[in-house]
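If you're matching them up, the sequences are chains A, B, C and D in order. So the number in my numbering is just where the residue sits in the first sequence, counting from 1, plus 2. So the number in my numbering is just where the residue sits in the second sequence, counting from 1, plus 2. So the number in my numbering is just where the residue sits in the third sequence, counting from 1, plus 2. So the number in my numbering is just where the residue sits in the fourth sequence, counting from 1, plus 2. Glycine included, every Cβ here is placed at the ideal spot set by N, Cα and C. Quick caveat, the model's predicted, so the values are computed rather than measured. Notes for the one structure printed next.
There are 4 protein chains.
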Amino acid sequence: MIDLDKLVSESFSKQGLMATLGAHLTQVSDGEVHIALPFSTALSQQHGYVHAGAITSIVDSACGYAALTKAPAGSEVVTAEFKINFLRPAVGERFLAIGKVQNAGRLLTICSGEVQAFMGGSGKVIALMQATIVSVGQPAG
Amino acid sequence: MIDLDKLVSESFSKQGLMATLGAHLTQVSDGEVHIALPFSTALSQQHGYVHAGAITSIVDSACGYAALTKAPAGSEVVTAEFKINFLRPAVGERFLAIGKVQNAGRLLTICSGEVQAFMGGSGKVIALMQATIVSVGQPAG
Amino acid sequence: MIDLDKLVSESFSKQGLMATLGAHLTQVSDGEVHIALPFSTALSQQHGYVHAGAITSIVDSACGYAALTKAPAGSEVVTAEFKINFLRPAVGERFLAIGKVQNAGRLLTICSGEVQAFMGGSGKVIALMQATIVSVGQPAG
Amino acid sequence: MIDLDKLVSESFSKQGLMATLGAHLTQVSDGEVHIALPFSTALSQQHGYVHAGAITSIVDSACGYAALTKAPAGSEVVTAEFKINFLRPAVGERFLAIGKVQNAGRLLTICSGEVQAFMGGSGKVIALMQATIVSVGQPAG
């Protein structure tokens, strides 16, 4: 049986960008992955909010890793494409990206993602993603 | 007459994320903006290529600033949503994001974006974006 | 108080395309609209399944009308853009499109949509949409 | 050598939806396909313009067939997903959808599409699509 937490954690730790942004993995389950990101001025856009690119980066990783939890053992996943809507400015002390598998096909896995912004205790959804992930590179025998 | 280069450069210099990624503005013209990004291991995904999130960040900024060059004087732009396809892995020494306005409406501006990867002299398109930008916040007279 | 069912039904009955496709409205509630479509060879693609364009048409209308139920009284809605993933071939005796409002902004409303295919009693999700709807044209007093 | 025009025409003639909408194939070349659609009240949305679903249907077919011209002999193509922006209302006497291959991969082909509306002689772009097409079903040798 595959240890999903180990599978995702080991890959996540190799993503230089996640370290650069200050993101960390907070939950791995079958078909769902959470990634958290604290606010930092190093991530800002011109008005001081978090840049859409940083928000997109964490939810892209969350969707990709959610797909990985459903992929055949030994295979890799690659983002083919995604679409993301930004519902409101990324204002908050911390952000949580949630990626969920909606349909795992033999070749293509469809995920939905959302990003919540937290200020104090309460969270608001600030972005919604729909992503297509390809399973590739199953190692030979 | 608006100095487009100054308009975009001043805003770009306030984007903390662009500095964090190591991106810089290389061209501003009416309806088109270019942003360059050198390779760095700080931007990697798990296989050592540049993470889709970093590629997306620069082409999102390029599209947003392309829209800004067409926006009414004094207004701001915000990305409402985008879709991006990744055509091949982000392998290269440097990357160039090009954002172009396809249609500038009163409220919504549609941009297309692409990212090219360069290894030595020759470039390859690695990503294609289609983005919707909203014009907001025209200051009161 | 607005009669949402009447509001949506009257507009739906003016959509020539819905009649041409054979689609009908089956549910209208606050923030959610359902549209059904029976199979017909007049809607096929080259393999005899229902064409992605017909599936897209009903879920686009479902999302637009879901947005209309949340729009200010007297305003109209227009689809700015959407993205749709097709999870499996559109094989079935009948299809049900469900549009739901995820976030209703002053200007832009974000909806998610899905289409289910039914063969006998059981349904399968065959398509997922994420759409951006603009509120426009509030009639002058 | 494959007769692309024959390949696409034969498949197009089996698409019941294209006949129902009144669409016809006007150009097939390597990597590019055009489909025309005359205005009809049978295609309308609630304001009398052509419904976004009909516009989407023809440009989806144009993109799919453009991908087919680049696919390995004997394979089939299926739309995995697309995103479409509507730039202005679909007002016109006739509409022309143009699908073009941007990148043909072994598995996934990325196409861009546009739809032009014509009133008298002059045309305006009313919609822009970015689509992902999967190559499937190569017959066994």
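With the cut-off set at 8 Å, would you say residue i and residue j are in Cβ contact?
i	j	result
A:Phe-159	B:Glu-83	The structure shown does not extend to residue 159 of chain A, since chain A spans only 3 to 143, so no value can be given for it.
D:Gly-115	D:Val-61	yes
C:Gly-125	C:Ala-119	yes
B:Lys-72	B:Val-35	no
B:Met-131	B:Ile-86	yes
D:Ser-13	D:Ile-37	no
Would you give the residue range spanned by the alpha helix (DSSP H) that residue i belongs to?
i	result
C:Glu-34	No alpha helix (DSSP H) holds C:Glu-34; the beta strand (DSSP E) holding it covers 34–40.
B:Val-138	B:Val-138 -> not in any alpha helix (DSSP H); beta strand (DSSP E) instead, spanning 124–138.
A:Ala-92	That residue, A:Ala-92, is in no alpha helix (DSSP H); it is neither H nor E in DSSP.
C:Gly-18	18–23
Could you tell me the boundaries of the beta strand (DSSP E) in which residue i lies?
i	result
B:Leu-45	Counting along the chain, B:Leu-45 falls outside any beta strand (DSSP E), and DSSP gives it neither H nor E.
C:Val-61	Unbroken run through C:Val-61 is the alpha helix (DSSP H), 54–72; no beta strand (DSSP E).
D:Glu-78	78–88
C:Ser-13	Segment 6–14 is the alpha helix (DSSP H) holding C:Ser-13; no beta strand (DSSP E) there.
D:Leu-27	26–31
A:Ala-119	110–121
To the nearest angstrom, report how far apart residue i and residue j are at their CA atoms.
i	j	result
C:Gly-18	B:Ser-11	49 Å
B:Leu-6	D:Ala-99	34 Å
A:His-26	B:Cys-65	28 Å
C:Ala-69	D:Ala-92	20 Å
B:Ala-56	A:Gly-94	21 Å
A:Ile-128	A:His-53	12 Å
B:Ala-44	A:Leu-45	14 Å
C:Gln-47	B:Thr-22	48 Å
A:Lys-16	A:Tyr-67	13 Å
B:Leu-110	A:His-49	20 Å
B:Ser-59	D:Asp-32	33 Å
C:Leu-9	C:Val-30	10 Å
D:Pro-40	D:Arg-90	17 Å
D:Asn-105	B:Ile-112	22 Å
C:Ile-4	D:Ile-4	59 Å
C:Val-117	C:Gly-107	24 Å
D:Gly-101	D:Thr-28	12 Å
A:Tyr-51	C:Ser-42	50 Å
D:Pro-74	C:Gly-24	36 Å
Strictly under 8 Å for the Cβ-Cβ distance: is residue i near chain B by that measure?
i	result
A:Asp-62	yes
D:Gly-143	Bear in mind that the predicted position of D:Gly-143 carries a pLDDT of just 38, short of 50, making it unreliable; the figure below should be weighed with that in mind. By this cut-off, D:Gly-143 is not an interface position.
A:Gly-55	yes
C:Thr-134	yes
D:Leu-89	yes
Are any of the Cβ atoms in chain C nearer than 8 Å to that of residue i?
i	result
B:Leu-110	yes
B:Glu-83	yes
A:Gln-118	no
A:Leu-23	no
D:Lys-1	Past the edges of chain D, shown from 3 to 143, lies residue 1 of chain D, and the structure says nothing about it.
D:Gln-47	yes
D:Ile-4	no
D:Ala-44	yes
Are the C-beta atoms of residue i and some chain A residue less than 8 Å apart?
i	result
D:Ala-8	Checking the sequence shown, residue 8 of chain D turns out to be Lys, not Ala. No, because no Cβ of chain A sits closer than 8 Å to the Cβ of D:Lys-8.
D:Thr-58	no
B:Leu-19	yes
C:Leu-130	yes
B:Ser-13	yes
B:Ile-37	no
Taking 8 Å as the CB-CB cut-off, is residue i touching chain D?
i	result
B:Leu-98	no
C:Leu-27	no
C:Lys-16	yes
Quick one: is the Cβ of residue i within less than 7 Å of any heavy atom of the ligand GDP?
i	result
A:Ile-128	With respect to the ligand GDP, the structure offers nothing, as it holds no ligand at all.
**Request:** Determine contact between the stretch 59–78 of chain B and the stretch 132–139 of chain B, defined as no fewer than three beta-carbon pairs at a distance below 8 Å.
**Result:** yes
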